[in-house]
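Q:
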Amino acid sequence: MVEYTPKERLARVFAGEEVDRMPAICATQTGTVEQMDAVDAYWPEAHEDPVKMAALAEAGHTVIGFEAVRVPFDITAEAEFFGCGIKPSTKEQQPSVISHVVSKAEDLEQFEGYNIEDGRIGNVCKAVKILADKYGDELPIIGSMIGPFSLAQHLNGDSWFMNIMTDQEFGLKLMEFTTEFCTQYALKQVENGANTFAIIDPTASYQLIGADFYKTFVVPFHQKIVEALHEKGIPSILHICGDTTNGLAIMETCGVDALSVDQNVDPAAAVENVDKALIVGNLDPVSVLWNQGEDNVEGVKEESKKVLDAGVQLLAPGCGIVSKTPTQNLQAMIEAAKNWTY
Numbered sequence: 001m002v003e004y005t006p007k008e009r010l011a012r013v014f015a016g017e018e019v020d021r022m023p024a025i026c027a028t029q030t031g032t033v034e035q036m037d038a039v040d041a042y043w044p045e046a047h048e049d050p051v052k053m054a055a056l057a058e059a060g061h062t063v064i065g066f067e068a069v070r071v072p073f074d075i076t077a078e079a080e081f082f083g084c085g086i087k088p089s090t091k092e093q094q095p096s097v098i099s100h101v102v103s104k105a106e107d108l109e110q111f112e113g114y115n116i117e118d119g120r121i122g123n124v125c126k127a128v129k130i131l132a133d134k135y136g137d138e139l140p141i142i143g144s145m146i147g148p149f150s151l152a153q154h155l156n157g158d159s160w161f162m163n164i165m166t167d168q169e170f171g172l173k174l175m176e177f178t179t180e181f182c183t184q185y186a187l188k189q190v191e192n193g194a195n196t197f198a199i200i201d202p203t204a205s206y207q208l209i210g211a212d213f214y215k216t217f218v219v220p221f222h223q224k225i226v227e228a229l230h231e232k233g234i235p236s237i238l239h240i241c242g243d244t245t246n247g248l249a250i251m252e253t254c255g256v257d258a259l260s261v262d263q264n265v266d267p268a269a270a271v272e273n274v275d276k277a278l279i280v281g282n283l284d285p286v287s288v289l290w291n292q293g294e295d296n297v298e299g300v301k302e303e304s305k306k307v308l309d310a311g312v313q314l315l316a317p318g319c320g321i322v323s324k325t326p327t328q329n330l331q332a333m334i335e336a337a338k339n340w341t342y
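Quick note on UniProt numbering: the sequence shown kicks off at 1 and runs consecutively.
#1: Of all the beta strand (DSSP E) runs that stay within the bounds of the region 136-167, which reach a length of 3 or more residues?
#2: For residue 304, report the span of its alpha helix (DSSP H) as first-last.
#3: Three-state secondary structure (DSSP) at residue 247?
#4: At which residues does the beta strand (DSSP E) containing residue 239 begin and terminate?
#5: Find out if the Cβ-Cβ distance for the pair residue 147, residue 204 is shorter than 7 Å.
#6: So what does residue 97 bridge to, in DSSP terms?
#7: What residues match up with residue 200 in a beta bridge as DSSP calls it?
#8: Of the residues 165, 81, 43 and 158, which one's Cα is nearest the Cα of residue 103?
#9: According to DSSP, simplified to helix, strand and coil, what is residue 329?
#10: Drop a sphere of 10 angstroms on the beta-carbon of residue 99, count the other beta-carbons inside from all chains shown, and report buried for 16 or more, exposed for fewer.
#11: Would you identify the three-state DSSP class for residue 354, choosing helix, strand or coil?
#12: Could you tell me which residues DSSP puts in a beta bridge with residue 316?
#13: Quick one: what's residue 79 bridged to in DSSP?
#14: Quick one: using the 10 Å Cβ neighbour count with 16 as the cut-off for buried, is residue 62 buried or exposed?
#15: Looking only at its own chain, which residues have a Cβ that is under 7 Å from the Cβ of residue 286, when we skip the five neighbours before and after it?
#16: Please report how far the alpha carbon of residue 382 lies from the alpha carbon of residue 55, in whole angstroms.
#17: Can you tell me whether DSSP reads residue 108 as helix, strand or coil?
#18: Please name the residue or residues paired with residue 57 in a DSSP beta bridge.
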């Protein structure tokens, strides 16, 4: 059988074509302290400076061994772009949103004429280009952003969940706004060289809002982004946190190519509950990959085998990698993926 480049191999998996073995990728954030030390690119600077961001993303390939490079490392740049308050990151901890800027539909007027190349999101796009210029012929260049539902929640605050139930007009208007922004942002990353895309929409949870609200406030908006990516020939991965088992069949109706499931999902059930979408996941990033320390290599291999035996198409962490995760644990997961043939 032909041996493919990592870029070719992943593209063929998305297309349902034969490959020599499983690709070794991570759809969620990849930065760790050990990588930062290895390439002298640390958070918080690597969240903000495109050169350092690209250097740390590259370390996921050169230091850890992932067969892809991916940016960014957090999901707050989009909220920051629109003026939300952000708690800064540290070397070990990601930034977080601490204040919100939209309480009514009229508040959206202040954002008219925004420039997708400004601020930290502009630097993410620059980092994509740096990586694409260096690795675009060989590796998957995975662009990523927060999804439109979670961005709406960042902009509106915790009242967002009540608002979609009591003020549908406002909820839909905010979703239209965030989806238009997300589509532009995704396509800018594609223009700069991203050839695979991950939509991280943690609070767009079937488990949290139920089937009816998910169908109204999530599916059609994810569909718009996925269709825009597909028009450019870009496959997409959707990650939503929590136990999404019962919602997977609805989630894939947006047309997404793959669903990244977290550690709360039974991987065999996930595979059974979808029709076309690939299942990505779902090693526990805390109890399996991080908490048991560097002596857990055999445990990582064991858990990887269980997930692989369950039928997942792409072995990966169930959520973002914890920054203090030992390199050798991640390499054990990568080895398991690279040794797996479909």
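Glycine included, each C-beta is placed from N, C-alpha and C at the ideal position.
A: Taking the geometry as given:
#1: 141-146
#2: Residue 304 sits at position 304 when you count from the first residue of the sequence shown. Start and end: 297-309.
#3: Working through the sequence shown from its first residue, we reach residue 247 at position 247. Helix, per DSSP.
#4: Locating residue 239 in the sequence shown gives position 239, counting from the first residue. From DSSP, the beta strand (DSSP E) with residue 239 extends over 236-239.
#5: Taking the sequence shown and counting its residues from 1, one reaches residue 147 at position 147. Taking the sequence shown and counting its residues from 1, one reaches residue 204 at position 204. Taking 7 Å as the Cβ cut-off, residue 147 and residue 204 qualify as a contacting pair.
#6: Reading the sequence shown from its first residue, position 97 is the one you call residue 97. According to DSSP, which records beta bridges pairwise, residue 97 is partnered with 86.
#7: Numbered from its first residue, the sequence shown carries residue 200 at position 200. DSSP lists 146 and 239 as partners of residue 200.
#8: Within the sequence shown, the letter at position 103 stands for residue 103. Checking every option, the nearest Cα to that of residue 103 belongs to 158.
#9: On the sequence shown, position 329 is the one that residue 329 refers to. Note: residue 329 maps to helix in three-state DSSP.
#10: In the sequence shown, residue 99 corresponds to position 99, counting from 1. It counts as exposed.
#11: Residue 354 is absent from the model: the chain starts at 1 and stops at 342.
#12: Translated into positions along the sequence shown, residue 316 becomes position 316. In the DSSP output, where bridge partners are listed per residue, residue 316 has 282.
#13: Taking the sequence shown and counting its residues from 1, the one referred to as residue 79 is at position 79. In DSSP, residue 79 forms no bridge with anything.
#14: As a first step, residue 62 must be located in the sequence shown, where it is residue number 62. Counting Cβ neighbours within 10 Å, residue 62 comes out exposed, since fewer than 16 surround it.
#15: Walking along the sequence shown from the start, residue 286 turns up at place 286. Around residue 286: 322.
#16: Look at the range of the chain in this structure, 1 to 342, and you will see that residue 382 is not part of it.
#17: As a working mapping, residue 108 is identified with position 108 in the sequence shown. DSSP places residue 108 in helix when its eight states are reduced to three.
#18: Taking the sequence shown and counting its residues from 1, one reaches residue 57 at position 57. None, per the DSSP bridge assignment.
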